Each structure stands twice: as structure tokens, then as C-alpha cells.
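Note that my numbering has the sequence shown beginning at 29, numbered continuously upward. No residue lacks a Cβ here, since even glycine has one placed at the ideal position from N, Cα and C. Computed from a predicted model, the values in this text were never measured in an experiment.
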Amino acid sequence: MIWEDCDQPSQEVYFECPASFEDDIAPNPNAFLLAGIMPATDRGEHRVQVEGSVCPELRNGLLAAFRVIRDCFFFLGFNRYDFDAYGPVPERLQDFERRLERMSELAREAQINLIPVHTNIRFFARDSNAWNKRGMGAGLASIAHAFSPRIARVLIGSSGSIGIPLPWGTHPLLDPNFSSTNLEVRHDGLQLSRLQKTAIISDWPAAMRILQCCWQNEGIPTSINCGYCGKCLHTMIQLAALDKLDKTHTLPHVEITPQMVDNELLRDADDAASLQECIEHFSRKGRADLVEAIHKRIKRYHNEIHRAGFRTAIKQWDQKLTCGLLTRSVRPVLGLLRKLRNKL
Ligand SMILES: [Zn+2]
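What follows is the structure in C-alpha cells.
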């Protein structure tokens, strides 16, 4: 990848797979266009040129995708974990090998071919949000395009609940635009709520044996889920609502308590909606304590959103009228008050 408008060194883009699948992979220009277009846009490049012919359907799809992206608001952050300056960090590679082992087991049982792929396309994203909130769908589709001699359709699993999800790198309004005449890219499972997806997984014993939801499993050799982070709690509560928590050995078999519901991480409306879905199930089980805890947790989430919205409105108003003078003046006073409160 050769950059024109930003100060970046030239880099090689690669897709690799085991030699047994060598006939299934090809240097498809569509794959390299999709791998490069989001990083190029993020870094302010004015054009993208790819050697070879790009499918006209993909070109038109990308034009449509950028109209969607332009209307979305994204935060920027910095990725400190996945990659150092040269490539994936060793912890991430180890994690890949562990996942590959588990997925191979699942593939054997389901009698499907698993093709492990190594690629550095994520390395070109400028930070984690550039990948998660913009580049992920195009990046995943680029891998499928590299395998276009074998694959005619690829499904990207929906992560949201029912309805149009919040802006994210994979999205029903974006993913189909990454299709070509030879490869259909489909955003799959939008019709299912998160609890319904959990119910499908919970009825598949092979999947329950390797179920992983945790973000914080690094350095835990005995388990693939920590059992206490927000994601683990969320999954445990949903499985308990479905009476299936004891069907997996990758999460602790514990009685769900109101405190666990209170500790659950609700990042957005999707999280709140999927917790709400559990009310009916716990109500049928006579767990009034959990029903009450869920109502309280959702109410707290809405209050936090309301307060955050109010703070943002004040800051925007202050920025417009006084160039942020009020915010800058109040901040040290609030810091002093916090210190005094801690001493008391
Ligand atoms: Zn966890």
C-alpha cells in the first residue's frame, strides 16, 4: 500500500491460508480495494488506485456506502492493544491459535471446512475505532473477496438487536454494498434479538462447549471466560433466563443475583434492550428479585444517558457562546470539591 497524501511508509498487504487451500485464494483487486479504502479515507487520502479491474457493482456499492458513512458521527481513539509498530502482538497470536483449536473441533463436528486466514489488513486502521466503527465490514468482506474462486456468498453476523443498529463497522446499511457480481455480502441475523441468538447457540452442544464472550480472558489459562466482566455477566444472565447456563462449562454455574444484574455493563440501547428481554423469563420463574434488579439497572442506564446528554448540551452551549470559558473555569473548582469530599 503506497500512501500519497499522508506521511506513512509503504506497506505490503497480505492474505495467507494453509497450502491445502491454495486453489481457493486469488489476488483479487476487489479484495485489495476493500482492504485499503477505509484506512485511506481515515488518513485523508484523496484517491485510491488498485492494479487490475474492479467490479462495477462493488464500485457503485462503495459510493453508496460512503453516503451512509458521511451521515454518521464517530469518536476517535487509539488502539494500544492489538498491534505494535510491526504487527500483531504475541498475546493476540496466541489467542488466535487457541481459538483456531476450538473452532477446528466445532468444524469437525459440524462437518464443515474451516480455512484459517492470516492477514494484516487490520494493521492499516489508524486506531481501534477506525476498525470497529468504520473499517470492519469492508475488511471482513475483503477476505471473502480474496477467496472468490471458492466463495459466492458471505454472511456477516449482525451484532445488534432487532431494528436498525447504531453506527458500527459492520452494519445492514453498509455490508451489502461490499458485494460484487461474483460475491454476495450479506448482513445476517438482523431479524433476531440477542436473546433469540443466545437461544439458538444454547441449543447447539458443540457451540456451547467452546462458547466465548469474554474480552478479558488473556492470561487465564484455565478458562476462556473470566466469569465476572460485563460481557460474561450479560451472557450468564441471558443463559440463566433460558435455563441453559448449566449447559456450558466455559462460564461459572452460579445462581444469578440482583448484584450481578446491577454490575452488568450496559454500553448502549442494544444492551439495555437485550437485558429487558430477560424480564419475561425471570418473571415466569418467580424471580421477582431479578425482575426488580433489571428494572432498576435499566432505569440507571437511562438516567446516565440523560445526564451525559445534558452535560454535552451544556458544553456545546458554552463552546458556542464563551469558547469554553465556563467549562474551563468550573473544572478546577469541581476537582477541588472532589478532593475535599474524599478527605472528609
Ligand atoms: Zn469476562
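Cβ-Cβ separation, residue j to residue i (assumed contact under 8 Å), whole Å
i	j	result
residue 177	residue 52	6 Å
residue 43	residue 68	Contact doesn't hold; Cβ gap of about 18 Å is too wide.
residue 293	residue 281	The pair is not a contact, with the Cβ atoms about 21 Å apart (cut-off 8 Å).
residue 278	residue 240	7 Å
residue 227	residue 194	Incorrect: roughly 23 Å between the Cβ atoms, too far for contact.
residue 71	residue 36	7 Å
residue 290	residue 268	Between residue 268 and residue 290 the Cβ distance is about 15 Å, and since that is not below 8 Å, they are no contact.
residue 202	residue 96	6 Å
residue 81	residue 57	6 Å
residue 216	residue 184	6 Å
C-alpha gap between residue i and residue j, whole angstroms
i	j	result
residue 104	residue 118	Caution is warranted here: a pLDDT of 37 is assigned to residue 104, below 50, making its placement in the model unreliable, and the coordinate value is therefore given only provisionally. In a straight line, the C-alpha of residue 104 is about 25 Å away from that of residue 118.
residue 310	residue 84	52 Å
residue 237	residue 276	6 Å
residue 234	residue 134	6 Å
residue 218	residue 200	8 Å
residue 101	residue 136	Low per-residue confidence applies at residue 101: pLDDT is 39, beneath 50, and the placement is therefore not dependable, though the value from the model is reported in the following sentence. C-alpha separation (whole angstroms): 42 Å.
residue 140	residue 146	19 Å
residue 214	residue 225	17 Å
residue 363	residue 161	33 Å
residue 66	residue 158	8 Å
residue 343	residue 332	16 Å
residue 256	residue 156	24 Å
residue 153	residue 124	19 Å
residue 317	residue 260	20 Å
residue 314	residue 169	45 Å
residue 181	residue 165	14 Å
residue 38	residue 128	31 Å
residue 284	residue 62	44 Å
residue 108	residue 120	Interpretation of residue 108 is limited by its pLDDT of 38, a score under 50 that renders its predicted location unreliable; the figure taken from the coordinates is listed afterwards. Their backbone Cα atoms lie some 12 Å apart in a straight line.
residue 243	residue 295	14 Å
residue 220	residue 204	18 Å
residue 232	residue 354	57 Å
residue 110	residue 365	Confidence is the limiting factor: at residue 110 the pLDDT is only 49, short of 50, which leaves the residue's position unreliable and the question unanswerable from this model.
residue 361	residue 352	15 Å
residue 48	residue 132	15 Å
residue 151	residue 211	25 Å
residue 187	residue 196	9 Å
residue 230	residue 359	49 Å
residue 208	residue 163	18 Å
residue 357	residue 345	15 Å
residue 319	residue 88	49 Å
residue 142	residue 179	13 Å
residue 258	residue 297	15 Å
residue 334	residue 347	20 Å
residue 64	residue 122	26 Å
residue 50	residue 312	53 Å
residue 254	residue 130	17 Å
residue 286	residue 368	33 Å
Nearest candidate by alpha-carbon position, reference residue i, set the options
i	options	result
residue 149	128, 135, 172, 184	172
residue 90	167, 132, 331	167
residue 251	126, 212, 38	126
residue 454	192, 94, 175	With the chain running from 29 to 372 in the structure shown, residue 454 is simply not present.
residue 330	365, 301, 62	301
residue 266	64, 307, 253, 244	307
residue 40	87, 151, 29	29
residue 288	324, 346, 57	324
residue 34	326, 345, 347, 73	73
residue 305	328, 334, 335, 263	263
residue 206	335, 94, 186, 354	94
residue 327	230, 299, 349	299
residue 222	32, 303, 122, 81	303
Proximity test, residue i beta-carbon vs ligand 2 heavy atom, cut-off 7 Å
i	result
residue 74	Ligand 2 is not part of this structure, which contains only ligand 1.
| task | Kindly provide the chain-ordered list of residues whose Cβ lies closer than 6 Å to any non-hydrogen atom of ligand 1. | result | 242, 244, 253, 254, 257, 259, 260
| query | Along the chain, which unbroken stretches of the beta strand (DSSP E) at least 3 residues long are found entirely within the segment 141–208? | reply | 181–185
| What beta strand (DSSP E) runs, 3 residues minimum, are completely inside the segment 244–320? | none
| said: Suppose only complete runs of 4+ residues qualify. What are the alpha helix (DSSP H) ranges in the segment 31–76, listed by chain order? | reply: 57–70
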